[in-house]
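Counting in my numbering, the sequence shown runs from 80 upward without gaps.
What follows is one structure encoded as structure tokens, with my remarks underneath.
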Amino acid sequence: MRGSELPEVCVVGLGYIGLPTAAVIARAGMKVLGLDVSEKVVETINRGEIHIEEVDLDGLVHGVVQRGLLRAATQIAPADVFVIAVPTPFAKDGHHTPDLSYVLAAAESVAGVLKAGDTIILESTSPVGTTERMRDLIAAKRPDIKLPGLCDGTPDVAIAYCPERVLPGRILEELTNNDRSIGGITPRCARKALAFYKRFVRGTCVTTDARSAEMTKLVENAYRDVNIAFANELSIVSDAMGLDVWEVIRLANRHPRVNILQPGPGVGGHCIAVDPWFIVHGAPEETPLIRTARGVNDGKIHHVIARATALVENRPQAKVACLGLAFKANIDDFRESPARLVAATLARRFGERIHVVEPYAAELPIEFTGTGAHLIDVDTALEECGVMIVLVDHDVFKSVPLAEREDKAVYDTRGIWPDQPAAMDGEAAGLRKAG
Ligand code: SAJ
């Protein structure tokens, strides 16, 4: 491929990051082969349809598949640029050890078709040193190719780490507009990757080395986790002191250099509750703050379960509505969701008294089976339930006016109803204000 020609691109992994990334690259005119291990995913995409929910993604994928720019397959083929966007979960050892098997398997298959002039980019969130490990694996498989950092003279291929930092629900917009960190194994690798991202990213692309870029991604999510932990700890302190945490935060945030985040029922999703552990795993002795923040945010879930349980026990005749299962507002992603854990625990404890309202769910998740809990809509909940536990700040819940809920006993873990009168009964007193 000459510098002026558009590269052919292979995106390995067609999940929440890989598929939107593949579609955005294709939209820029490059021919993209998307790889996934699932035949079903591949067939869906080749029909011009999608297997995940993301704003505007369906139309984009449909368009680029129709124009012949995006094609999915289960088998790798030669390309000029390989973008690896596969999961990096925890290993099942109970110690929050990063499982790099998907990344290394992807690198191994890329090695099989690699040729001089290619660029390999890792986007998966990864512990520091992973890009070099990937390079070493490729070196072992392809001794015929000169790899960056391992050879004299100009290497045959470029290898870089370029983390995504998009927010679910805003992925397409953020893929294009966010700034990117582009970490090359060598400066030349960074320049090659930079030229590629420049073709479809409008945000500023900043080059660095691979290890710094790996750490940057982990730091971004650990920063947010630590700051949410601060808000969650404040909410627990406020509960103990009978204070309204939302009022305290609102006032403190009027200080020009204070910006406290929002308490909630805990931290969910697959990034913020996971990535800090990758730092802790790499430097266990040096990370007391990051480790403690994880503990505070996980502990908040149990605090919410205890307070919700007290409220439900205190109103033995009332039907209970748990508002929301998603891990955050206005999305249909229920994986690793504290709201789901709280609602399922209450369903196991209180059975058919528990009603779940989740406009993004067609049915209750598997763990509710046999509990007697029901999935209902928000109107029915407002008509029939005397107790409301707000777990997710979906817009549809926020918009419920006071007149429809003033007679309810409410535990609002997201602070969406600041005008709600406090629940008056003994044990539950102050729950409305609790974070
Ligand atoms: N949350 C709070 N209080 C807050 C903010 C969030 O309790 O003030 C909770 C949410 O309810 C949710 C969890 O934290 O349960 C995570 O939500 P989020 O919106 O903070 O983040 P994610 O997981 O959707 O996406 C994050 C983003 N990282 C940062 O903002 C630093 C995103 O930019 C990353 O690309 C993404 O992780 C990722 O893929 O790593």
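The beta carbon of each residue, even a glycine, is placed where N, CA and C say it ideally should be.
- Going by beta carbons, ILE384 and THR424 fall inside the 9 angstroms limit.
- Put simply, the backbone Cα of MET294 is about 10 angstroms away from that of ALA301.
- Per DSSP, reduced to three states, the secondary structure at PHE429 is helical.
- When DSSP states are grouped into helix, strand and coil, PRO177 belongs to the strand group.
- In the displayed model, HIS130 falls within coil according to three-state DSSP, outside both helix and strand.
- In this structure, the alpha-carbon of ASN376 lies about 11 angstroms from that of ILE369.
- Distance between ILE410 and ASP223, taken at the CA atoms: about 47 angstroms.
- Sorting ARG214, HIS175, THR204 and GLU299 by C-alpha distance to the C-alpha of ASP235 places ARG214 at the top.
- Look at SER260 here: in three-state DSSP terms it is strand.
- Within 8 angstroms of the C-beta of ILE495 there is not a single heavy atom belonging to the ligand SAJ.
- As the crow flies, the alpha-carbon of SER188 is around 10 angstroms from that of VAL91.
- Sequence-distant partners of ILE328 (beyond 5 residues in either direction) whose C-beta falls short of 6 angstroms from its own C-beta, in its chain, are ILE339.
- In the DSSP assignment, PHE406 falls outside any alpha helix (DSSP H), carrying neither H nor E.
- Beta-bridge analysis with DSSP links VAL391 to no other residue.
- The residues THR204 and ASN300, in chain order, have a CB closer than 8 angstroms to that of CYS350 in the same chain once the five nearest residues on each side in sequence are set aside.
- Taking C-alpha positions only, VAL162 is separated from LEU93 by approximately 11 angstroms.
- ALA274 carries a helical assignment under DSSP once its states are collapsed to helix, strand and coil.
- Remark: C-beta atoms of ALA272 and THR286 approach each other more closely than 9 angstroms.
- Remark: C-beta atoms of GLU442 and LEU461 do not approach each other more closely than 9 angstroms.
- In the structure shown, PHE169 adopts extended strand secondary structure according to DSSP, grouped into three states.
- In this structure, the CA atom of GLU133 is about 44 angstroms from the CA atom of GLY232.
- Taking non-hydrogen atoms of the ligand SAJ into account, the C-beta of THR295 is found less than 8 angstroms away from none of them.
- For the pair of segments examined, the stretch 174-184 was found not to touch the stretch 144-151: the number of CB pairs separated by less than 8 angstroms stays below three.
- Between the C-alpha atoms of ASP456 and VAL120 there is a straight-line separation of about 31 angstroms.
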